[in-house]
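Input: a single structure, listed below in structure tokens.
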Amino acid sequence: MGKNRITIHDVAAKAGVAISSVSRVLSGHLDVSEKMRAKVESAVAELGYEPDHLAQSLRKGATNTIGFMIRDITNPLFSIVAQSAEHELRKAGYSMILINSHGDLEAEKENFALFKRRRIDGVIASLVSEDSPYVRNTISELGSPVVLLDREVTGLNASAVICDHASGVKHATADLIKNGFSRIAFVSGRKDVFISRNRIKGYEEALSEARIKVDENLIRLGKFGEDFAYEQTKDLFSGKGAPDALITGGIGASTGALRALKELKIKPGKDLAFVALDEWPMFDVLTADLSSVYRDPEEMGHQSARLILDLIAGEATAQAVVPTLYRRRASSKKV
Numbered sequence: 001m002g003k004n005r006i007t008i009h010d011v012a013a014k015a016g017v018a019i020s021s022v023s024r025v026l027s028g029h030l031d032v033s034e035k036m037r038a039k040v041e042s043a044v045a046e047l048g049y050e051p052d053h054l055a056q057s058l059r060k061g062a063t064n065t066i067g068f069m070i071r072d073i074t075n076p077l078f079s080i081v082a083q084s085a086e087h088e089l090r091k092a093g094y095s096m097i098l099i100n101s102h103g104d105l106e107a108e109k110e111n112f113a114l115f116k117r118r119r120i121d122g123v124i125a126s127l128v129s130e131d132s133p134y135v136r137n138t139i140s141e142l143g144s145p146v147v148l149l150d151r152e153v154t155g156l157n158a159s160a161v162i163c164d165h166a167s168g169v170k171h172a173t174a175d176l177i178k179n180g181f182s183r184i185a186f187v188s189g190r191k192d193v194f195i196s197r198n199r200i201k202g203y204e205e206a207l208s209e210a211r212i213k214v215d216e217n218l219i220r221l222g223k224f225g226e227d228f229a230y231e232q233t234k235d236l237f238s239g240k241g242a243p244d245a246l247i248t249g250g251i252g253a254s255t256g257a258l259r260a261l262k263e264l265k266i267k268p269g270k271d272l273a274f275v276a277l278d279e280w281p282m283f284d285v286l287t288a289d290l291s292s293v294y295r296d297p298e299e300m301g302h303q304s305a306r307l308i309l310d311l312i313a314g315e316a317t318a319q320a321v322v323p324t325l326y327r328r329r330a331s332s333k334k335v
């Protein structure tokens with residue numbers, strides 16, 4: 001038989017005070033005498049009493065917990081975003097539940113249901129889909145504030161942390177054109193999400209301003225991750241009309257494209273101009289001096305935590321915009 005659980009009644013008896021007095025001390029009430037507080041804290045320590053925080057939270061109507069949902073925690077950028085958000089939330093007295101959707105809509109639905117059951121105080125989410133009717137309904141019915149992470153949902157006036165992808169990609173594409181490249185391929189994830197739409201917008205604006213016709217065969221949008229980018233990069237170089245420059249959307253896409261180029265014996269910066277959207281230290285191992293469009297993951301995490309805390313406090317918030325920065329290196333220069 002295990003040892004019986006110590007209860008608040010035991011603490012009250014040990015301290016020689018009323019149960020209500022113990023409750024007030026444990027709840028952090030200020031109008032408690034130092035003598036009373038010392039008695040209760042001494043009894044708690046001696047008995048090894050552990051308060052039932054969930055029960056306390058339910059009585060207060062708050063759990064001091066934030067749900068944080070992303071597609072894939074193994075993505076180095078989003079692991080930094082999550083870490084930064086957790087740091088800010090912890091300083092404010094909140095814990096964070098981190099959960100993956102794996103890019104699967106059904107998993108995302110289950111995650112939202114879990115958040116609702118846990119009565120979390122707010123959600124920060126990078127959604128799988130922005131256009132599904134279920135998303136609008138789920139967020140509206142959740143009963144807790146939501147901050148979208150680099151996403152925009154049509155018909156939903158939600159707070160969000162968004163990055164200025166269009167500007168960064170436009171600068172990168174314009175720089176490639178300036179350096180003499182004209183067949184610039186673009187490989188990225190799903191076209192129905194904010195990131196891809198805005199990246200393509202910047203890409204096409206740069207081509208239009210340079211009076212270069214958009215070649216749809218050079219635009220490959222479909223899935224996030226390595227495999228899709230690997231396959232599409234291989235296909236781009238399988239016949240005539242191969243690109244002379246390549247822009248890849250995200251760490252997974254860049255990794256898959258670089259793997260394909262290595263197999264094809266095509267060297268970025270020598271045989272092909274290359275720009276990666278997002279940075280990862282391992283790129284320096286795969287290839288030297290890779291040009292990139294950078295978005296600050298620590299700032300994304302910081303801003304998402306700030307917005308959700310403001311919403312919980314009842315303050316009106318809209319969007320926080322994180323700028324992107326084009327970093328030109330050797331891989332995007334004409335040899």
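Residue 111 in full-length UniProt numbering sits at position 111 of the sequence shown; the count goes up by one each step and never skips. Even for Gly, the Cβ is constructed at its ideal location relative to N, Cα and C.
Per-residue DSSP class, three states only, for residue i
i: I312; result: helix
i: G202; result: helix
i: I195; result: helix
i: A160; result: strand
i: M69; result: strand
i: Y134; result: helix
i: G256; result: helix
i: A92; result: coil
i: F115; result: helix
i: A210; result: coil
i: I6; result: coil
i: S332; result: helix
i: H293; result: Per the sequence shown, the amino acid found at residue 293 is Val instead of His. V293: strand per DSSP, three-state reduction.
i: L148; result: strand
i: T233; result: helix
i: S23; result: helix
i: S101; result: coil
i: P76; result: helix
i: V44; result: helix
i: I139; result: helix
i: G249; result: strand
i: V321; result: strand
i: G168; result: helix
i: G122; result: strand
i: V17; result: coil
C-alpha gap between residue i and residue j, whole angstroms
i: A229; j: S291; result: 18 Å
i: A160; j: D72; result: 19 Å
i: residue 336; j: I97; result: The shown model of the chain, from 1 to 335, leaves out residue 336, and the question about it has no answer.
i: S23; j: I120; result: 23 Å
i: L32; j: Y134; result: Contrary to the premise, residue 32 reads as Val rather than Leu in this sequence. In a straight line, the C-alpha of V32 is about 48 Å away from that of Y134.
i: V123; j: N217; result: 39 Å
i: D164; j: L114; result: 32 Å
i: M300; j: S144; result: 21 Å
i: S95; j: E50; result: 18 Å
i: V153; j: R117; result: 23 Å
i: Y294; j: L142; result: 33 Å
i: T248; j: L264; result: 17 Å
i: P281; j: F68; result: 25 Å
i: V11; j: E106; result: 46 Å
i: S331; j: N75; result: 23 Å
i: I312; j: I8; result: 30 Å
i: L236; j: A260; result: 10 Å
i: S238; j: V214; result: 20 Å
i: L309; j: L258; result: 40 Å
i: Q319; j: K234; result: 38 Å
Beta-carbon spacing of residue i, residue j below 8 Å
i: S254; j: G202; result: no
i: D278; j: G256; result: no
i: V81; j: P323; result: no
i: A158; j: S304; result: no
i: K14; j: A43; result: yes
i: S20; j: M36; result: no
i: P243; j: I184; result: yes
i: K333; j: N179; result: yes
i: L307; j: T317; result: yes
i: V321; j: I162; result: yes
i: I177; j: I200; result: no
Cβ neighbours of residue i in the same chain (closer than 6 Å, five flanking residues each side left out)
i: Q232; result: V187, R220
i: T138; result: F112
i: G225; result: G252
i: F181; result: D244, A245, A273
8 Å CB neighbourhood of residue i in its chain, flanking five on each side removed
i: G155; result: R136
i: E41; result: V25
i: I6; result: L47, G48, Y49, E50
i: D104; result: V128
Contact set for residue i: own chain, Cβ-Cβ below 7 Å, skip 5 residues either direction
i: K240; result: none
i: D227; result: G256
i: N198; result: H165, A166
i: L77; result: I251, D278, P297
i: residue 341; result: There is no way to answer for residue 341, as the model of the chain reaches only from 1 to 335.
Beta carbon proximity, residue i to chain B, threshold 8 Å
i: G314; result: This model lacks chain B altogether; it includes just one protein chain.
- Should the region 209-223 be called in touch with the region 181-193, which here means at least 3 C-beta pairs below 8 Å? yes
- Query: When the Cβ atoms of the region 139-156 are set against those of the region 91-105, are three or more pairs found closer than 8 Å?
  - Reply: no
- Does the pairing of the region 197-217 with the region 169-179 give three or more beta-carbon distances under 8 Å? Yes: at least three Cβ pairs fall under 8 Å.
- Would you call the region 272-281 and the region 124-136 in contact, with 3 or more CB pairs under 8 Å? no
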